[in-house]
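With my numbering as the guide, the letters of the sequence shown map in order to residues 5 to 302. For reference, the structure discussed in these notes is given below.
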Amino acid sequence: MVERVFQQPPRKERGTLGGEDDKDYDSPLPGARWKGTVMGTTVISIEDAVVSYREDVALRGVSLKVTSGEFVGIIGPNGAGKTTILTIVNGLGKLLSGRVSVLGSPVDRGNGHSLRKRVGYVAQVENIDPRMPMSVREVVMIGRYGVLGLFRRPDRHDWVIVDEMLELVGMTQLARRPIGHLSGGEQQRVAIARCLAQEPELFLLDEPTASLDWKAQVEILDLVKQIHDSRRLTTLFVTHNLDAMPHTCDRVVLMKEGLIVDDGTPDKLITTESLSRLYDMPSPVVEERRPHIHVKES
Ligand SMILES: Nc1ncnc2c1ncn2[C@@H]1O[C@H](COP(=O)(O)OP(=O)(O)OP(=O)(O)O)[C@@H](O)[C@H]1O
Ligand SMILES: [Mg+2]
Numbered sequence: 005m006v007e008r009v010f011q012q013p014p015r016k017e018r019g020t021l022g023g024e025d026d027k028d029y030d031s032p033l034p035g036a037r038w039k040g041t042v043m044g045t046t047v048i049s050i051e052d053a054v055v056s057y058r059e060d061v062a063l064r065g066v067s068l069k070v071t072s073g074e075f076v077g078i079i080g081p082n083g084a085g086k087t088t089i090l091t092i093v094n095g096l097g098k099l100l101s102g103r104v105s106v107l108g109s110p111v112d113r114g115n116g117h118s119l120r121k122r123v124g125y126v127a128q129v130e131n132i133d134p135r136m137p138m139s140v141r142e143v144v145m146i147g148r149y150g151v152l153g154l155f156r157r158p159d160r161h162d163w164v165i166v167d168e169m170l171e172l173v174g175m176t177q178l179a180r181r182p183i184g185h186l187s188g189g190e191q192q193r194v195a196i197a198r199c200l201a202q203e204p205e206l207f208l209l210d211e212p213t214a215s216l217d218w219k220a221q222v223e224i225l226d227l228v229k230q231i232h233d234s235r236r237l238t239t240l241f242v243t244h245n246l247d248a249m250p251h252t253c254d255r256v257v258l259m260k261e262g263l264i265v266d267d268g269t270p271d272k273l274i275t276t277e278s279l280s281r282l283y284d285m286p287s288p289v290v291e292e293r294r295p296h297i298h299v300k301e302s
């Protein structure tokens, strides 16, 4: 099975929808790998999910459907349950009740590992030990381990993919530098490259711009959107910071205290009134700090 994945056609043939080559892809969802699922297919289905960590109830009955190709922003204050949603999509969370299906299969204890091969996850804040004895390039290769399996060593094809991803995120120049010797923004780019190296169908990002300066933040947001479009991914982008929300989201989901309180287009939901309710802040304060998500590029 693993072998067939590596007999994929050369890269130039990827990124197109449909076509003869689909049969060469050993994906559980025919034609899905790198080609995008058929537009409009439900790729995430969460039904009445309840998640509890001892005394804390992180999700109190959450339902969400995401269709292929959507770019969904999940926003809400600290502790709202945003990261928890990503963990149940990724098969790492434990449901007290409810159901979750991802990429056509119910998520349960048995299939978390195979699911995570198809779901790319850029986690919230990764603290890297500056002494970590790995180069940037080697760290990005970690993204391929799920595809490689236990017994196959990376070959030329894998390194080609790693180098392509480094180029995509603008990190080719620093490919041989120790991973611990990078700035926060550079580390974030490497985290994205590592996630893409696994050739995911679903792209989950948890606060990917936290702790970055304004310029790095804008660059990462643009990069994520560019990757979403060019790779035809389905993307869930989580943040508590409205200024870090890509204004290019197709849809926003507002979360508060373990519940989805609203779900719709940014134009409808990113209003002074709804943000004031979401963050428990008076309208004049929200108005004064109007986040840039209001400004749409023409
Ligand atoms: N491992 C854990 N053990 C105990 N409680 C947890 C754990 N992870 C999360 N929680 C609790 O679950 C709730 C939701 O947490 P979650 O991390 O999903 O929030 P969030 O919306 O991602 O917040 P933030 O914006 O701060 O990242 C919080 O009350 C949190 O304290
Ligand atoms: Mg979080």
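In this text, a Cβ means the ideal position worked out from N, Cα and C, and glycines have one as well. Values in this document were obtained by computation on a predicted structure and should not be read as measured data.
Nearest-angstrom Cα separation, counted from residue j out to residue i
i: M259; j: T71; result: 19 Å
i: V66; j: K86; result: 11 Å
i: S173; j: P158; result: The amino acid at residue 173 is misidentified as Ser; the sequence shows Val. Spanning the two alpha carbons is a distance of roughly 21 Å.
i: H212; j: G124; result: Residue identity check: residue 212 is Pro in the sequence provided, not His. Their Cα atoms are separated by approximately 13 Å.
i: T275; j: T269; result: 11 Å
i: M136; j: H185; result: 9 Å
i: D284; j: M138; result: 44 Å
i: G44; j: P134; result: 44 Å
i: V3; j: K272; result: The structure shown has nothing for residue 3, since the chain only spans 5 to 302.
i: M145; j: R181; result: 14 Å
i: A248; j: L263; result: 21 Å
i: V266; j: L279; result: Reading off the sequence shown, one finds Asp at residue 266, where the question assumed Val. Taking the straight line joining both Cα atoms gives about 11 Å.
i: V47; j: L107; result: 5 Å
i: S302; j: Q128; result: Residue placement at S302 is flagged as unreliable, the pLDDT there being 43, under the threshold of 50; the coordinate-derived value follows with that caveat. Near 31 Å, if we compare the C-alpha coordinates of Q128 and S302.
i: E261; j: I89; result: 13 Å
i: R193; j: F207; result: 14 Å
i: F155; j: R113; result: 23 Å
i: P81; j: A195; result: 24 Å
i: Y57; j: I78; result: 21 Å
i: H161; j: T252; result: 33 Å
Residue i, buried or exposed, once every other Cβ within 10 Å from all chains shown has been counted against 16
i: P286; result: exposed
i: P204; result: buried
i: L100; result: exposed
i: D210; result: buried
i: G153; result: exposed
i: R122; result: buried
Same chain only: Cβ atoms within 7 Å of residue i, ignoring 5 sequence neighbours per side
i: D105; result: A quick correction: the sequence has Ser, not Asp, at residue 105. Excluding residues within five positions, the ones whose Cβ falls inside 7 Å are S49 and V111.
i: T91; result: G97
i: A220; result: G189
Residue i and residue j closer than 8 Å at C-beta
i: G116; j: R198; result: no
i: P250; j: L225; result: yes
i: V257; j: L68; result: yes
i: I183; j: V126; result: no
i: V54; j: G102; result: yes
i: V76; j: R255; result: yes
Chain-order list of residues whose beta-carbon lies under 6 Å from that of residue i (same chain, five-residue window excluded)
i: E291; result: T276
i: A179; result: V140, R141 and L170
i: E59; result: none
i: A84; result: M259 and K260
Would you call the region 241-248 and the region 188-202 touching, i.e. three or more CB-CB distances under 8 Å? no
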